[in-house]
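K.L.:
Residue numbers (the UniProt record's numbering): 1 to 379.
For glycine and all other residues, C-beta sits at the position ideal for the given N, C-alpha and C.
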């Protein structure tokens, strides 16, 4: 086993999550060489030095380009705000590095297409940070669907709600700027699309609507600034399988913290899952006496790999950071040339094209086809 040299760009919410994963992956799984935490980059040398010491990186730099060029770095983790993803990912790929980039790929579809082209040209592994698909419960749902446990799925509903932008007097920050993307669609709605990607393959066409619950927000130091993104989005979808569906997104939903509610309706039953209760799933199947039919709760345990790599006892539960450790192991597996459970740039571009179609549909007020090839498609 070869030890990979790791470069980390950004140390915020997801940057720390990546660092924890790189630190833990060898100890949890026991079948990979411990990665070498080579270089950490932040927007200033002072911050980079402090974070490198906290997170265990050997060196630090205030210039991400120095990290990308460093021969000690084999894999670049990109955890910066969305608008910076394309330039950093493309530079890393052109420098011959593997890339692990947080979602979404980019804030504009043409930039995402350029990232995919760079990945193809480099021959390196390029993966995206969609760790919710790594949940053992999601893997169980995938197996239940593959085995026909609820029959043919004819309708899906996915809701994703959080309240980190619910306060109308919260200060304006970069997620309300147009440069960050469309808003709820590509900020976290892409997570819902990642689940559809692994469970059903993709979306054929969409009809969407986006809304701004608050027209402006206060600015530090006084005054207010117009909100440029949409915190609410609702989209009718038709899956590639022909099934109908709805995706509803709201990042200004008071009381919701990390909700991804999934309902899958089939000809022989129903599956219900909520990310806020991420270690359980509800399964209803037709059969048996009518008086005892009903949803049953399945809790994760060692029988749901790779839960067993973390905890030997059932019902104790995994957490968000554990899912990133699993994703890290899948990335190493792909780098080693093995099949892996990942959202690669090839998968990610379908998600980005779906987001683009959703946004155009909302602006144009019509059904829009999701492009299958390069560029965008229209109904």
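Report the start-end ranges of each beta strand (DSSP E) in the stretch 134–213 that is 3 residues or longer and not cut off at the edges.
P.N.:
You should have 153–161 and 203–211.
K.L.:
Determine the burial state of residue 266: buried for a count of at least 16 other Cβ atoms within 10 Å of its Cβ, exposed for fewer.
P.N.:
Counting from one through the chain shown, the residue named residue 266 turns up at place 266. Result: buried.
K.L.:
Straight-line CA distance for residue 368 to residue 185?
P.N.:
Translated into positions along the chain shown, residue 368 becomes position 368. Translated into positions along the chain shown, residue 185 becomes position 185. Looking at the two C-alpha atoms, the distance is approximately 15 Å.
K.L.:
Consult DSSP for residue 47 and reduce its assignment to one of helix, strand or coil.
P.N.:
Your numbering for residue 47 matches position 47 in the chain shown. Residue 47: helix per DSSP, three-state reduction.
K.L.:
Hey, is the stretch 118–125 in contact with the stretch 208–222, meaning 3+ C-beta pairs nearer than 8 Å?
P.N.:
They do not touch, by the three-pair rule.
K.L.:
Given this structure, state the Cα-to-Cα distance separating residue 289 from residue 295, to the nearest angstrom.
P.N.:
Against the chain shown, residue 289 aligns to sequence position 289. Against the chain shown, residue 295 aligns to sequence position 295. Going by the C-alpha atoms only, they are around 14 Å apart.
K.L.:
Determine, using beta carbons only, whether residue 189 and residue 160 come nearer to each other than 9 Å.
P.N.:
As a working note, residue 189 is residue 189 in the chain shown. As a working note, residue 160 is residue 160 in the chain shown. Yes, the pair counts as a contact, with Cβ atoms nearer than the cut-off.
K.L.:
Since residue 330 contacts residue 318 with CB under 8 Å, what's their CB separation in whole angstroms?
P.N.:
Position 330 of the chain shown holds residue 330. Position 318 of the chain shown holds residue 318. With 8 Å as the limit, residue 330 and residue 318 do not qualify as a contact, their Cβ atoms being about 15 Å apart.
K.L.:
Can at least three beta-carbon pairs, one atom from the stretch 335–355 and one from the stretch 127–145, be found at a separation below 8 Å?
P.N.:
Contact holds: three or more Cβ-Cβ distances are below 8 Å.
K.L.:
Counting along the chain, where does the alpha helix (DSSP H) carrying residue 250 start and finish?
P.N.:
For the purposes of this step, residue 250 is taken as residue 250 along the chain shown, with counting starting at 1. Counting along the chain, residue 250 falls outside any alpha helix (DSSP H), though it belongs to the beta strand (DSSP E) covering 244–250.
K.L.:
Count the other CB atoms within 10 Å of the CB of residue 297; is the residue buried (16 or more) or exposed (fewer)?
P.N.:
On the chain shown, residue 297 is found 297 positions in, with the first residue counted as 1. So residue 297 counts as exposed.
K.L.:
Over what stretch of residues does the alpha helix (DSSP H) that includes residue 122 continue unbroken?
P.N.:
Numbered from its first residue, the chain shown carries residue 122 at position 122. Unbroken alpha helix (DSSP H) run through residue 122: 109–122.
K.L.:
Could you tell me which residues DSSP pairs with residue 265 in its beta bridges?
P.N.:
On the chain shown, residue 265 is found 265 positions in, with the first residue counted as 1. Answer is 155 and 270.
K.L.:
Using 9 Å as the threshold, is the C-beta distance between residue 195 and residue 260 below it?
P.N.:
Taking the chain shown and counting its residues from 1, the one referred to as residue 195 is at position 195. Taking the chain shown and counting its residues from 1, the one referred to as residue 260 is at position 260. Yes, the Cβ-Cβ distance between residue 195 and residue 260 is below 9 Å.
K.L.:
Give me the residue from 351, 371, 170 and 246 with the minimum Cα distance to residue 223.
P.N.:
In the chain shown, counting from the first residue as 1, residue 223 sits at position 223. Nearest option by C-alpha distance: 170.
K.L.:
Hey, out of 219, 356, 43 and 20, whose CA is closest to residue 168's CA?
P.N.:
Counting from one through the chain shown, the residue named residue 168 turns up at place 168. The residue with the shortest Cα to Cα distance from residue 168 is 219.
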